[in-house]
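Chemist: If you read the sequence shown in full-length UniProt numbering, its first letter stands for residue 1, the second for the next number, and so on.
Don't be surprised by glycine CBs; every beta carbon is placed ideally from N, CA and C.
Everything numeric in this text was worked out from a predicted model, so none of it was measured.
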Amino acid sequence: MTATLQLLRSASRSEEFVNNRLIAAAVQAASKTLMDSLNEIYESQWTGHDLLYVQAQNLDMLWQDFTHKLADQVLVPLNTYQSQFPEMRKKVDKRGRKLVDYDSQRHNFQSLQCNPKKRDELKVSRGKELLEEAKRTYEQLNSELHDELPALYDSRVLFLVTNLQTLFAAEQVFHTESSKVYSELEAIVDKLANESQRGSYTLKKNTELPSPKSPNANSSLIINTQPAQNNISGALDDTAPAARDTSPTTQINGNANSNANSNANSNDNSLNNQDASPQNAVAPSKQVEELYDIPVGATTDNLPPGVLYRVKATYKYNREDVDELSFDVGEIIRVVEYDDPEEQEEGWLMGIKEGTNEKGMFPANFTKPL
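(1) Which one or two residues does DSSP pair with G351 in a beta bridge?
(2) Please give me, in chain order, every unbroken run of the alpha helix (DSSP H) with length at least 4 that falls completely inside the segment 83-168.
(3) Where does T314 sit, in a helix, a strand or coil, going by DSSP?
(4) Would you call the CB atoms of H49 and E43 closer than 9 Å?
(5) Alpha carbon to alpha carbon, how far is M168 from K69?
(6) Apart from the five residues just before and just after S178, which ones in its own chain have a Cβ nearer than 7 Å to its Cβ?
(7) Got a sec? Which residues, its chain only, sit under 8 Å from L203 by beta carbon, not counting five neighbours each side?
(8) Rank A193, K135, K128 by C-alpha distance to the C-alpha of W110 and give the top, closest one.
(9) Would Y182 be called buried (16 or more neighbouring beta carbons within 10 Å of its own) or exposed?
(10) Near V124, which residues of its chain fall below 7 Å by C-beta distance, leaving aside the five closest residues on each side in sequence?
(11) Any contact of the segment 291-309 with the segment 320-332, i.e. 3+ C-beta pairs under 8 Å?
(12) Cα separation between A24 and S83?
(13) Per DSSP, E324 is paired with what?
(14) Check the DSSP bridge columns for P305 and list the partner residues they point to.
(15) With distances taken Cα to Cα, identify the nearest neighbour of L185 among Q105, Q57, V27.
(16) K180 bridges to which residues according to DSSP?
(17) DSSP three-state label for T367, please.
(18) For K191, which option in R310, E148, L52 has the closest C-alpha, if you only look at C-alpha atoms?
(19) Can you give me the C-alpha to C-alpha distance between Q197 and V173, rounded to a whole angstrom?
What follows is the structure, given as structure tokens:
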């Protein structure tokens, strides 16, 4: 009975050891996937990039060593210890059957002895042999079980101590060494944070206007045009009295010359205006391109006025501030300029959500350009 209870308890507890091993393997896989992702997103120019990769490899080696110890030094001895119980149970059951045989032969032999009228010495002799054989078989099994069952029961303490010492030692080594790795990882991130606060990785903003010549060209054009018009009118006024004193031929020539000068000046002004207008048209687009990087693949054609390009949400985002924009996966957002370029933040865009016309800031890495 004691061996049976011990067998049931050991079987139920062994399942927990197996579950612990399986969970450790799952956490190992999750840890490796996480560190691989961190190595991908950790940019090569950031401080500690190579150290991050080395520490990730160290952590993976610790996980492999830990799970190997759980399998070979904890579960294998446990399975070996447990394998004794089914064999012992079979032996106990066999002893029970031999006890039944022994009782049966004893009753048969007694019945042969108690019937003196039909007593057959040959049957009595044969019955006695069978009885002695059944008794010997039963007593041999019973004697073995009397030695083996107490020894198996007492071995539970030594096995439990040895097995748990191995388990806890493996846990202690793993957590001690992994804590050192995580300390190194924390130091790498702290150094990155300090350099980021000093502005080592901050995007430098271009606050100067890229094309200041266009406004100056327009203003100089206006300033130069007005004296030209005044000179033309003054010349016409000065030549008018002389024209009246001269012959009709001179008057005709004077009018022709003045008309030619007027046409020439007007043509020059129109050419200057035509030359200046493309500069004025190009200047805002240059400013937009320098202040806002248009991503590769973004379509800028056939867009409403003021819209730089359109993006589609690839992840759901809930705003954390009143000036931010919330959206779900698949929603379309029109990217527009900031009202104040000084408020632009790295990695953030200003947009208007289609359908609701809500306006606000949103993280660019939650979207993809259309």
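Modeler: So, to answer that:
(1) According to DSSP, G351 bridges with V335, G360.
(2) Complete alpha helix (DSSP H) runs here, min 4: 84-113.
(3) Looking at T314 - three-state DSSP - the assignment turns out to be coil, as it is neither helix nor strand.
(4) Yes.
(5) The question names Met, but residue 168 is Phe in the sequence shown. Their Cα atoms are separated by approximately 11 Å.
(6) Closer than 7 Å at the Cβ level, and outside the excluded window around S178, lie L59, L62.
(7) E346.
(8) Correcting the residue type first, residue 110 is Gln in the shown sequence and not Trp. When each option's Cα is compared against that of Q110, the closest is K128.
(9) With fewer than 16 Cβ atoms within 10 Å of its Cβ, Y182 is classed as exposed.
(10) Taken in chain order, the residues that qualify are L112, Q113.
(11) The segment 291-309 makes no contact with the segment 320-332: fewer than 3 CB pairs, one atom from each, lie closer than 8 Å.
(12) Distance between the alpha carbons of A24 and S83 is about 24 Å.
(13) Note: E324 sits in a beta bridge opposite M361.
(14) Answer by DSSP bridge pairing: none, since P305 is not bridged.
(15) Closest option to L185, Cα to Cα, is Q57.
(16) Looking at the DSSP assignment, K180 forms no beta bridge with any residue, so it has no partner.
(17) Looking at T367 - three-state DSSP - the assignment turns out to be strand.
(18) Looking at the Cα atoms, L52 is the closest of the given residues.
(19) Rounded to the nearest whole angstrom, the C-alpha separation of Q197 and V173 is 36 Å.
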